[in-house]
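K.L.:
Numbering (this note's numbering), first residue to last: 737 to 856.
Just passing along the structure, written as structure tokens.
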């Protein structure tokens, strides 16, 4: 049975993560499965993100509000996407970009992201 997690990120402690949290709650993700970092997206050395990645198992679902909440570096995002979908065999759903939903088609996601590269 799969478990659904939410990952929220804001770049500074002063920024408000409320929109992301509300979106996860509306999606049905309980508070105890929402991970939040208040840190730059320049790399993936974020404590809550690492904790979440270590917890993800096969068929789990990672929900993010928008692709830029995952990270800022295009190549690093692709590497994390591969880690989650291929190595962990979990799925990713980007709420603001419904085409980025590996529950539907895990193989097309790399193409979709690279086609949308300029939007990051």
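By construction, the Cβ of each residue, glycine as well, lies at the ideal position given by its N, Cα and C atoms.
State the DSSP-derived secondary structure class of residue 740, mapped to helix, strand or coil.
P.N.:
Sequence index remark: in the chain shown, residue 740 carries index 4 (1-based). Of the three classes helix, strand and coil, the one that applies to residue 740 here is strand, per DSSP.
K.L.:
Leaving out the 5 sequence neighbours to the left and right, which residues in its chain are closer than 6 Å to residue 827 when beta-carbon positions are compared?
P.N.:
Residue 827 sits at position 91 when you count from the first residue of the chain shown. Hits under 6 Å: 797, 838 and 839.
K.L.:
Measure the beta-carbon distance from residue 807 to residue 764 and round it to whole angstroms, keeping in mind my assumption that it falls under 8 Å.
P.N.:
Position 71 of the chain shown, counting from 1, holds the residue named residue 807. Position 28 of the chain shown, counting from 1, holds the residue named residue 764. Actually they do not touch by this definition, with Cβ atoms about 25 Å apart.
K.L.:
Go ahead and label residue 745 buried or exposed: buried means 16 or more other beta carbons lie within 10 angstroms of its beta carbon, across all protein chains shown.
P.N.:
Within the chain shown, the letter at position 9 stands for residue 745. Buried, since its Cβ has 16 or more Cβ neighbours within 10 Å.
K.L.:
Any Cβ of chain D within less than 7 Å of the Cβ of residue 758?
P.N.:
Given the protein chain composition of this structure (a single chain), no chain D is represented.
K.L.:
Output needed for residue 829: all residues of its chain with C-beta closer than 7 Å, excluding positions within five of it in sequence on either side, in chain order.
P.N.:
On the chain shown, residue 829 is found 93 positions in, with the first residue counted as 1. Cβ within range, chain order: 797, 799, 837 and 839.
K.L.:
Would you say residue 773 and residue 787 are within 7 Å of each other, going by their C-beta atoms?
P.N.:
Along the chain shown, read from residue 1 onward, the residue named residue 773 stands at position 37. Along the chain shown, read from residue 1 onward, the residue named residue 787 stands at position 51. Going by C-beta atoms, residue 773 is not nearer than 7 Å to residue 787.
K.L.:
Tell me the residue span of the alpha helix (DSSP H) that contains residue 789.
P.N.:
Working through the chain shown from its first residue, we reach residue 789 at position 53. Residues 783–791.
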